[in-house]
Each structure stands twice: as structure tokens, then as C-alpha cells.
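Asks:
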Amino acid sequence: QTLSRLDRIYTSEQHTESLLEWDSQISQIPTDHQMVSVRFAPPDLPHIGRGRWSWPLGLVTDTHLINKVIDMGIKTQLAIENNLPRTEESNPQRLWQSFKTDINKVAKDIAKTHLYKIQQRIRTLTKDLRKLANAKDIDM
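If you count by my numbering, then the sequence shown holds residues 664 to 803, one letter each, in order.
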């Protein structure tokens, strides 16, 4: 059986410099084609930053992180309650800001380990998928 390969993108020459991050991946839909993707970024577009970081939803149910945040919150609450000589450097607002910064740092660190595990699993599955896609003894 001969399979056609229609895994390409055609573009006009004027857009060539604006096309970045070319990639082709095995499609999730059973087919003999690969999914081709490209990022179109004309140079005259305004720059859009990374935005503000927010907690990934998967971390909301992470008991290790929740327990850590609770412990840090209790320590911060006690520090606020026992902060009698209020100064410019030591006051409830600064303690609260420090608490928020610290829990975000802890959450980012834990998110990195979760993300690494997920990416490792995706790489393993993609490798297995490529092996299966290229196997001669499997009918499509």
C-alpha cells in the first residue's frame, strides 16, 4: 500500500521572514499525514510580553504544596500578630508581600518538577508513537 505524504505548508515569499518555529508532528487523528505547524510573527507587530504568572490548576490539589503554604501562612500570621514595633521595614504590609512572593516561588519550583515529569512522559509517548508509525508490520 502506498501512502501519500501531504505534510507541508506553502506560503508566499513575502512572508518567509515572518515564519518561525517550523515543526511537524504525528497527528492524533489516525492518518498517514503529519501535522505541520508554524508561527507567523510579522516584524511590525507590537511585542506582547509573557504576562503575569498564575498557578497551574494541577497545583491547586497538590497536598505537599498546600501543606507548605499553610505552614508559611501560619508563620506569617504569627509574625504579623507579634509585630509590635511597627517600622517602615517591618509592618504587616511588607510581611504579607513577602509571604505572597515566597509562596509563588515555592509554587514555581514545584510546578517545574511537575512540568518536567509531564514533558518526560510526552517525550516517551512521542518516541513510542514514532516507532509505531514507522513500523512496517502494522496495517493502517
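Cβ coordinates follow ideal geometry from the N, Cα and C atoms, glycine included.
(1) Just how far apart, CA to CA, sit N767 and P709?
(2) So who's on the other strand from D686, going by DSSP bridges?
(3) Alpha carbon to alpha carbon, what distance is there between A774 and W759?
(4) Would the beta-carbon of S761 fall within 9 Å of that of T739?
(5) Straight-line CA distance for D765 to K771?
(6) Taking 9 Å as the cut-off, decide whether the C-beta atoms of A704 and S681 are in contact.
(7) Which residue comes first and which comes last in the alpha helix (DSSP H) that contains W759?
(8) So V701 and L728 are supposed to be a Cβ contact under 8 Å. How far apart are they, rounded?
(9) Hey, out of H777, A742, A796, whose CA is closest to D725's CA?
(10) Looking at the secondary structure, which residues open and close the alpha helix (DSSP H) in which Q740 lies?
(11) Of all the options I672, Q677, D695, Q691, which has the alpha carbon lying nearest to the alpha carbon of E684?
(12) Determine the contact status of Q677 and I689, defining contact as a CB-CB distance below 9 Å.
Replies: Taking the structure as given:
(1) Within the sequence shown, residue 767 is the residue found at index 104, counting from 1. Within the sequence shown, residue 709 is the residue found at index 46, counting from 1. Each residue's alpha carbon lies about 29 Å from the other.
(2) The residue you call residue 686 lines up with position 23 of the sequence shown. S700, per the DSSP bridge assignment.
(3) Locating residue 759 in the sequence shown gives position 96, counting from the first residue. Locating residue 774 in the sequence shown gives position 111, counting from the first residue. If you take the alpha carbons of W759 and A774, they lie about 22 Å apart.
(4) Your numbering for residue 761 matches position 98 in the sequence shown. Your numbering for residue 739 matches position 76 in the sequence shown. Yes, the pair counts as a contact, with Cβ atoms nearer than the cut-off.
(5) Indexing the sequence shown from 1 puts residue 765 at position 102. Indexing the sequence shown from 1 puts residue 771 at position 108. Distance between the alpha carbons of D765 and K771 is about 10 Å.
(6) For this step, residue 704 is matched to residue 41 along the sequence shown. For this step, residue 681 is matched to residue 18 along the sequence shown. Yes, these two residues count as a Cβ contact at 9 Å.
(7) What you label residue 759 is simply residue 96 of the sequence shown in a count that begins at 1. Where W759 is concerned, the enclosing alpha helix (DSSP H) stretches over 755 to 797.
(8) Here residue 701 is taken as the residue at index 38 of the sequence shown, counted from 1. Here residue 728 is taken as the residue at index 65 of the sequence shown, counted from 1. Contact flag wrong, Cβ pair sits at about 37 Å.
(9) Translated into positions along the sequence shown, residue 725 becomes position 62. With distances taken between Cα atoms, D725 lies closest to H777.
(10) Position 77 of the sequence shown, counted from the start, is the residue given in the question as residue 740. Per DSSP, Q740 belongs to the alpha helix (DSSP H) from 726 to 744.
(11) Taking the first residue of the sequence shown as position 1, residue 684 is located at position 21. Among I672, Q677, D695, Q691, the Cα nearest to that of E684 is on I672.
(12) For this step, residue 677 is matched to residue 14 along the sequence shown. For this step, residue 689 is matched to residue 26 along the sequence shown. Taking 9 Å as the Cβ cut-off, Q677 and I689 do not qualify as a contacting pair.
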